[in-house]
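Encoded as structure tokens, the structure appears first; notes follow it.
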Amino acid sequence: MNNTQRKSGESQRTTPSDTALRTLYLEALQLVERLHRRLLDVVKDEFDRNGRSDINAIQALLLFNIGNAELTAGELRSRGYYLGSNVSYNLKKLVELGFISHERSRTDRRSVRVSLTEKGTEVAELVAGLYERHVASIEHVGGIKAEEFQSMNKALQRLDRFWNDSIAYRM
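Per UniProt numbering, the sequence shown starts with residue 1, numbered consecutively.
Given below as structure tokens:
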């Protein structure tokens with residue numbers, strides 16, 4: 001049986017459970033994408049309210065995620081701290097704008113370590129303040145309880161692990 005025949009045979013055996021799972025999976029994917037875009041909108045709005053047009057939302061989140069650490073671009077990617085497609089470009093811009101300082105690693109001269117400047121720390125603190133306001137009102141205004149976040153986070157971690165395995169094992 002070739003792949004076309006196998007795929008055809010598989011689609012004929014789709015159960016109602018498979019159809020429901022497919023629908024829910026695709027809905028979850030759309031929600032993850034929409035939530036990421038919405039988070040960027042929320043951060044942008046916060047910066048607009050504070051009269052800050054010197055940095056975009058992706059760069060602000062990058063600064064928040066660096067925080068007090070000293071990291072390489074590779075570490076930012078591998079730790080999942082970066083929500084964008086071009087970390088090197090944004091790091092370069094943030095250095096140029098004075099939000100990040102960079103220094104060659106003493107042990108590996110090919111590696112550049114980055115950390116926040118005072119200006120970068122101000123941005124990270126602005127994002128942290130936004131998140132703190134959200135934490136203070138999300139249960140009352142948003143109607144989301146801690147238990148629901150626990151369940152959601154557990155499911156998202158499983159999805160992350162599944163996607164990692166899909167890449168690693170070519171599933």
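Idealized CB from N, CA, C, for every residue including glycine.
### Unbroken beta strand (DSSP E) run spanning ILE100, endpoints
For the purposes of this step, residue 100 is taken as residue 100 along the sequence shown, with counting starting at 1. Element bounds for ILE100: 100 to 104.
### Message
Within a Cβ cutoff of 8 Å, which residues of the same chain sit near LEU126, ignoring the five residues on either side of it in sequence?
### Response
Start at 1 with the first residue of the sequence shown, and residue 126 comes out as number 126. Excluding positions up to five away in sequence, the list reads GLU46, PHE47, ASN50, ARG52, ALA60.
### Query
Can you tell me whether DSSP reads SER115 as helix, strand or coil?
To locate residue 115, count along the sequence shown from 1; it is residue 115. If DSSP states are grouped into helix, strand and coil, SER115 belongs with the strands.
### Query
Is TRP163 buried or exposed, if buried means 16 or more other CB atoms sit within 10 Å of its CB?
For the purposes of this step, residue 163 is taken as residue 163 along the sequence shown, with counting starting at 1. Here TRP163 is exposed, its C-beta having fewer than 16 other C-beta atoms within 10 Å.
### Query
So what's LEU71 in DSSP terms, helix, strand or just coil?
Within the sequence shown, numbered from 1, the residue matching residue 71 stands at position 71. Strand at LEU71.
### Message
What does the alpha-carbon distance come out to for the pair LEU40 and PHE64?
### Response
Translated into the one-based positions of the sequence shown, residue 40 becomes position 40. Translated into the one-based positions of the sequence shown, residue 64 becomes position 64. Distance between the alpha carbons of LEU40 and PHE64 is about 13 Å.
### Task
Go through the region 29 to 69 residue by residue and report every complete run of the alpha helix (DSSP H) that reaches 4 residues or more, in order.
57 to 66
### Query
Helix, strand or coil: which one does DSSP assign to TYR169?
Along the sequence shown, one-based indexing puts residue 169 at 169. Coil, per DSSP.
### Task
Determine contact between the region 64 to 76 and the region 113 to 127, defined as no fewer than three beta-carbon pairs at a distance below 8 Å.
yes
### Message
Between which two residues does the alpha helix (DSSP H) holding ASN90 run?
### Response
Here residue 90 refers to the residue found at position 90 of the sequence shown. Per DSSP, ASN90 belongs to the alpha helix (DSSP H) from 87 to 96.
### Message
I'd like the list of long-range same chain contacts for ALA128, defined as Cβ closer than 8 Å, with 5 residues on each side in sequence excluded.
### Response
Within the sequence shown, numbered from 1, the residue matching residue 128 stands at position 128. Around ALA128: PHE64.
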